[in-house]
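Protein chains in written order, with this note's numbering: chain Y, 96 to 328; chain C, 10 to 316; chain E, 17 to 400; chain F, 3 to 341; chain B, 17 to 255.
Read through the structure below, which is laid out as structure tokens, and then see the notes.
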Amino acid sequence: MLSIKNAKAAYGKIQVLHGLSLDVGRGSVGLFGPNGAGKTTLINTILGLVPLQSGKIVFDFKDVTTRPTHERVRLGISVVPQERELFPWLSVYENLVIGAENTPLGRDDIPQTLEEVYAIFPILRERHGQLAGTLSGGQQRMLAVGRALMARPKLLILDEPSLGLQPSIVHELFNILKEMKERVGVLITEQNVRESLRVVDKGYIIENGRIVLSGNADELASNPEVEKAYLGL
Amino acid sequence: MSTSKIVRIAGFSAGALFVIMLIVLKPTALIYGIQRAGIYAAIAIPMALILGIVHIVNLAHGEMMMVAAYLSYYLARTFGLDPLLSAIPTGIIMFLFGLMIFRTTIQHTLKAPELNQLILTFGVAMVLSQTVNLIATSQPRKLSLDYVSASATLGDISFGIYDFVFPVVAIIFLIVLLLFLKRTKLGKAALAVGQNPNGAQIVGINVQLTYALIFGIASMLIGIFGGFFLTKFSIFPAVGGSYTMKSFCLVAMAGIGNLPMVAAASLLLGIAESSIMAVPHGAPWAPMIFFVLIVVVILVRSFRRAS
Amino acid sequence: EGSSEGDPIKFGGIWPLGDITGDQGSKAARIAIDEINEQGGLLGRPVELVVIDSELSPEKGAAAVERLATIDQVDFFVGGMSSGVHLGQIPVMKTYQKITMWTGAASHLAEEAVGENQDWYFHLHPWDYNQGASYVEGWNAIAQEYPEISIDRWFLAYEEGAFGSASYSATQALFSDMEIDGEAFQSAAVGGGDYTAVLERAKAYDPDVFIWAGYDADALPLMEQSKAIDFAPPLYVGAPPGWPASFGESNLAENVTLYGMWAPSLNEVSDVSKTFYDGYMSKYDSEPATYFAPLSYSAIHIIAEAVERAGTLDKEAVIAELQKTQYESALGETITFSPSNIISNQGIRQQKILQWQNGRQEVIWPFEFATSEPVYPFTPWSER
Amino acid sequence: MSSADLKALQKDNAYNRNLEIIFMVVGAILLLAPMFAGPYARIIGRSVITYMILAVSWDMLVRSGQLSFGIAGFFGLGGYAATVLAANYNIPGIAAIILGALLSGVVAYGLGLIILRLRGMYFAITTLALAEIFRIIMHNWTPVTGGPNGKLVPQVLFAGNSYLQYGFMVVMAVLVIALSEYMRRSKIHYALTAIHDNEVVAKSNGINIYKNLLFIFAVVSAIQALAGGGYAHLFGFVSPESNFNANYTLIPLAIALFGGMYSTWGPVVGAVILGVMGEFLKLYIPYGHLVVYGIIIILVLLFMPQGVVGIFKAKLFKNTSNYPSKEELELSETKGEPA
Amino acid sequence: MSELRTENLTISFGGLVAVDSVNLSLKSGEILGIIGPNGAGKTTFINLIAGIHNPTRGTVYLDGEDITGKPAHDRAAMGISRTFQLINPLRNLTLLENVMTGYLFASKMNTHDARNAAARLCLDLGLDRLNRQTSNLNILETKKMEIAKALACNPKILFLDEVMAGLNSTETKEAIRLIKHIAERQNLAVGVVEHVMGVITSLTNRVIVLDNGQLIADGPYTEVSRNERVKTAYLGGAV
Ligand SMILES: Nc1ncnc2c1ncn2[C@@H]1O[C@H](COP(=O)(O)OP(=O)(O)OP(=O)(O)O)[C@@H](O)[C@H]1O
Ligand SMILES: Nc1ncnc2c1ncn2[C@@H]1O[C@H](COP(=O)(O)OP(=O)(O)OP(=O)(O)O)[C@@H](O)[C@H]1O
Ligand SMILES: CC(C)C[C@H](N)C(=O)O
Ligand SMILES: [Mg+2]
Ligand SMILES: [Mg+2]
């Protein structure tokens, strides 16, 4: 569904991605790696928020390398950004609806999707009138996930979704992702590698903007290097 | 909580009392105040829209209106089109003109600090007014229209009624914009863009287009108003300048992004000013009332929020 | 002084070029310069006009004086409109003391700033109190000539800035034997344009003469609002320094009395005015709309004639000749110089009283330049 | 850190320092040049410096994130104070200017107590409104201020001697520039920048936001009033339109942006370029030069958003921020390589 | 030896009671874990103590002194220091200068001393290239800077609001070691908010649980985590 070929990107003079290639089909893919490895940057290039210096991105058989962000989203890519990027002065409800309204897939049956999201995060239903900016850190994360789901994406990208979530909800979120990956593509970055390996089919380890290791979940879980670097806690 | 309620009730009753006194003692002051408020609101509302969504203090706001008024003037002189009718073609032309200004200049500074756009629009204002000055000279122009002097008599007082078009225009602007923002997809998207452009992109909103359209729509409104402005006022290249500042003040008094409050603020200031002017030798103090009220309202709001 | 034979004689002109007054003033001055050159120049030398924009700002205006004096080394200063700018220029002018023929600045403060014993300083434009006095004279003359016209009760609507409030205080002082009241308004020129309060007060006062002292931008809206509240005093006088484009076309203009120094109708009674008018029309293809045009035109010619008479550029000699000036001007009258309250060389003092009739400004006083009889009383709105 | 790093750092630092010295010398020459270039240059220089002082002082405040649109207000207030003191109380020129500035500073302090809880656009509008209020008071308080006509200063500063006048402005400029640079290096710089960046973080780091803002607002307003007093006494009069002209707010903002904000040298360079350019333009395009002026402002903002000085910094100076800092080097010398 | 104590500390936003009558005492040498569901009021509780919000009701005492009405900057100077859940570096200051602010204002040093102290602290925490802009830092560095900023205020009481969120396990271990070391060396009272139970167990010696603004449990983790309410409200099946 998504295929990235030899992606290179930089912020000014700082080269961050040194030619990365990666594929996401149906099912789920995990991106792991130390801080500053370039995971978020990679996601931003997929979305078109950071331009590629060279390389190619194909989504759903369309070359989207130079398309603007909103077009990519309308093609079916949704993201839960690391920084959440909510609309602080809109209510929880409005934030959710706007996540659906501007995408062809999400627009179809908003009440239905809304129910699904509220079922996953009951607190959002409870707080549907509260301004998003006044939610607690973890509640905001839930709202960001909910908003991405509202678009009914073909590919769901989650940048460290468990950050700041309480353990029970993290657990639940991963259960849901596990279920979702049967229907849509999921690309996820996580520091919580142990929990994510439960969900992903395939994983890539990125260091310094290069893929240093890849394999399916069991291979990675049993790889002693991965064990040492990422599964300590 | 309860004290703030008491304060609010006291404030309301004081206001009501004042209005009643005005009706009894000086009814025309109330009438002129409302008419005046209409002008303020109609000019300030489009500015509030731009400030709330594109986050730009458009210092060329009044100049855009000036350009529109000149357009209406020449449409009237060449084609004999009444300015109230030419408001429509002027509005369309100004929509395109607004888009053009946005695309050629402002768009390229959106990522720069806020002040850059401020000074940029200051440059635009300068270019607009000075260009018009070169073409049309500084000599004021005005169409002489009979209906502008339409009057009504109530008891033993006569007053102009034409000026009620201004509050009407302002209310139409307000309602149309509110419906647009709450009901249409573009409007809702615009609100989102105003709060978080990055977030808006990732839910599939075309942010650049939204900015451009909002700027265009605001330019269109101010363009339409240019035609109305021409019916009552003389126009000259510098005529817009003072309205830029006043609109800016009104928008701040209302609270950024709050369109209905712009109308309310205009009403307050319009009535306050015309009440002062109704007092003999009060006129030189009218601008004082304007600015003092603005400062007081802004301060009171900030104190209320803090407590 | 610094210039030698064959070099041009230089006039340094400072006007606000972005304003219609300065725009037309400077262009009219250029016509005068061309005329002089066509007739062989001055003292056998060509004349030249260097114009600098004052941008309506005192600091720019002062810098312009400094530049003209030192870099362009002009022989004379001409120009001027606003008092505010002039106040900033006066200290610099005083350091050079070049012969100056000023076409603007009505404020008595400017006269104070110039001070006594400055014989190089010639002020063409009347001071605020000159204008006031000339109105007294004019109205008394009119009241005498036309006994049906009564002028006992006055109401003055004045713009709240320097121009309007000076007019009001001058009028108050000069018309002290009459009933007089007034009220300020904010001119449309500075963002105002709401005259309802003033007009209501005026209507309640019920004056014989209603005068408004504002700017050209106020003219039509003020009339429209008067009509809206049905305020039609027997004498409706406007005293702005200029009028808006095509004011006469409006039926509201009919019978409005005005103060002014010049109007195209003067062409009928003054050949100089006609020559000037035709010259301006043919060169710039637009009508001179403000009296700053004939005034600036006159300023150049007055100096040129004095130099011609003196036969030298020597300052003392030229000043002496200037003081003897008898210049028949495009404004109708013959300009001479004599002391005013403070300075020794004041030119024009008299304003004219005119009236809009059939879309034209007709002179009704001074009677020697009169092009028409006054219409009295002001036609009520309902009969238009 | 490697010794290669160290060498490169020392080399680049030395290079930057030399470049700075060159600019300083050029700047000093430019500042003194009008003394030898005739009275026209001095009168232009004098107004360039007026705007320069306004722009630098405005920048000093904006470093805290507080955007003032009230420059013209304190400029005018200072002018009126200095004029009224001189005309009504016979206080000699320079003393009146300084006293006027101090008085305005006190007024600013008092107002600051109330308005400095406002932020962003709200603060900006309030300062704009205050400027208008000052103007209206001066306009209507006729017995003291001369009302709409304005008031004459009894004696123009230095009896119109353009050398002394310009010299006086140069002294003011040097003082204000020095103050601005001092502030950039002192404790208050960190307080103001922190307030600018994030107030919650700033207070949590122990910064008294209110006190710091109050201090800088009063100082900056006094400086603007000082410039206004100088202006009134050099041109010999005050009037509501001239001394509270909106240009004294807008032009300094444009200057600061043109030159580069959050620095001393940006506004200084901006004032010189815009001031001199304005004079040149109008000689070549007498009718319509302001159109060109406006276009130039637009072009600069489009193509040099960080201002002239920003471009110079990026293009000419070496960026040393990725080298170890002086403190790091000292510490690693005394302690060896850090863990 | 310092002690922080809250009495009936309560704040409501509109109708929502975010922190509800919380009584807590925290002494030097203690490392307290603060856990609870998202939106339980943990961050708000810290904000109340640091003076960012004023409580609707209740009192905060530091060493017996009532500091409830004191402004935040005074409390910082008195030794209450905290990191932010949503990190906002002062982006117009360099890394070194960010850390300096604490020394300059809370610890009231002069510029020269503050520079040196900040540099020393940064190197201590493994931060280098101190002249960098903060936008060039990665998460680990940002978090270290955040801790350094808090330490520069010379705290007696230190609150860490999810400082370890986003660190990988190696980094987290390193951070735990660091915090323990500092707390011990400076005899601090530390309050730690984290959602990763591994961190809580290995770092803290006492835990409180907030739920709906109320303090529902207080004690060692082993004890608290057996509490039914904690299990259902917070941990779920994830333990
Ligand atoms: N806007 C930016 N400007 C400059 N450098 C940046 C910017 N954003 C990120 N970087 C740098 O790019 C590198 C990669 O950052 P990125 O955020 O992609 O890493 P990551 O793998 O997502 O790490 P984390 O786990 O910390 O989120 C880092 O060194 C970071 O400092
Ligand atoms: N300014 C505010 N206005 C309204 N409600 C608020 C405001 N600030 C916080 N809240 C509410 O107060 C509650 C407590 O928020 P707080 O940020 O303290 O939670 P938290 O325990 O830190 O959660 P998390 O683990 O998600 O960070 C939340 O329900 C939040 O929505
Ligand atoms: C009549 C005009 C010359 C008025 C001008 N504004 C002045 O101040 O003098
Ligand atoms: Mg990341
Ligand atoms: Mg929290």
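The C-beta atom is built at its ideal place from N, Cα and C for all residues, glycine as well.
- Each residue's CA atom was taken as its position, placing Y:G201 and C:L93 some 44 Å apart.
- Put simply, of C:A19, C:V305 and C:P296 the residue whose alpha carbon is nearest the alpha carbon of E:S203 is C:P296.
- Distances from the CB of B:K58 to the heavy atoms of ligand 5 include at least one below 7 Å.
- The C-alpha of C:G203 is placed about 33 Å away from the C-alpha of C:V16.
- The beta carbon of C:V248 sits no closer than 7 Å to any heavy atom of ligand 5.
- Interface residue (Cβ-Cβ distance to chain Y less than 8 Å): B:Q101 is classified as such.
- The alpha-carbon of F:A97 is positioned some 38 Å away from that of E:D35.
- At least one CB atom of chain F sits nearer than 8 Å to the CB of C:M297.
- Annotation: the continuous alpha helix (DSSP H) that includes C:I181 extends over V174 to R192.
- Remark: the C-beta of C:G20 is outside contact range of ligand 5, defined as less than 7 Å to any heavy atom.
- Contact residues of ligand 3 (beta-carbon closer than 7 Å to any heavy atom; chain order) are E:M97, E:S98, E:S99, E:G100, E:G120, E:A121, E:A122, E:S123, E:H141, E:A178, E:F179 and E:P257.
- Nearest C-alpha to F:G149 among E:A159, E:V152 and E:A178: E:A178.
- Proximity of the beta carbon of B:I155 to ligand 1 is indicated: a heavy atom of the ligand is located closer than 7 Å.
- In the structure shown, the three-state DSSP call for E:M297 is helix.
- Taking a Cβ-Cβ threshold of 7 Å, the residues of chain C close to E:S266 are S153, in chain order.
- If you ignore the 5 residues before and after E:E216, its C-beta comes within less than 7 Å of the C-beta of I245, all in its own chain and listed in chain order.
- In terms of beta-carbon proximity, E:P74 lines the interface with chain F, with at least one pair separated by less than 8 Å.
- The C-beta of F:T322 comes no closer than 8 Å to any C-beta of chain C.
- For C:N142, the C-beta contacts it makes with chain E under 7 Å involve G34, in order along the chain.
- The Cβ neighbour count for B:R131, taken over all protein chains shown within 10 Å, is at least 16; the residue is labelled buried.
- Look at C:H290 here: in three-state DSSP terms it is coil, with no helix or strand label.
- Contact between F:F71 and F:I127 is confirmed by a C-beta separation of about 7 Å, below the 8 Å threshold.
- Within the DSSP secondary-structure output, B:T26 pairs in a beta bridge with B:R73.
- Taking the beta carbon of C:H117 as reference, the chain F residues within 7 Å of it are L304, listed in sequence order.
- Each residue's CA atom was taken as its position, placing F:Q157 and E:T291 some 45 Å apart.
- For the segment 241-266 of chain C, the set of residues with a beta-carbon nearer than 9 Å to any beta-carbon of chain E comprises K241, F242, S243, I244, F245, P246, A247, V248, G250, S251, Y252, M254 and K255, in chain order.
- Unbroken alpha helix (DSSP H) stretches of 4 residues or longer found wholly inside the segment 40-79 of chain F: 40-64, given in chain order.
- For E:Y275, the uninterrupted beta strand (DSSP E) segment begins and ends at T273 to G276.
- When secondary structure is reduced to three states using DSSP, F:F239 falls in the strand class.
- Listed in chain order, the non-local C-beta contacts of E:I167 below 6 Å within the same chain comprise W155, A159, D224 and V225, local neighbours out to five positions each way being set aside.
- Within the same chain, and ignoring the five residues on either side of F:G67 in sequence, the residues whose Cβ sits closer than 7 Å to its Cβ are I197 and H198.
- Nearest Cα to C:F242 within the set E:D234, E:F263, E:A248 and E:F247: E:D234.
- The segment 378-396 of chain E and the segment 276-295 of chain E touch, with three or more beta-carbon pairs separated by less than 8 Å.
- Neighbourhood of C:G132 in chain F, by CB distance below 9 Å: A256, Y295, G296, I297, I298, I299, I300, L301, V302 and L303, in chain order.
- Between the segment 98-105 of chain Y and the segment 220-232 of chain Y there are fewer than three inter-stretch CB-CB distances shorter than 8 Å, so the stretches are not counted as touching.
- Runs of the alpha helix (DSSP H) spanning 4 or more residues and lying entirely within the segment 252-276 of chain Y occur at 262-275, in chain order.
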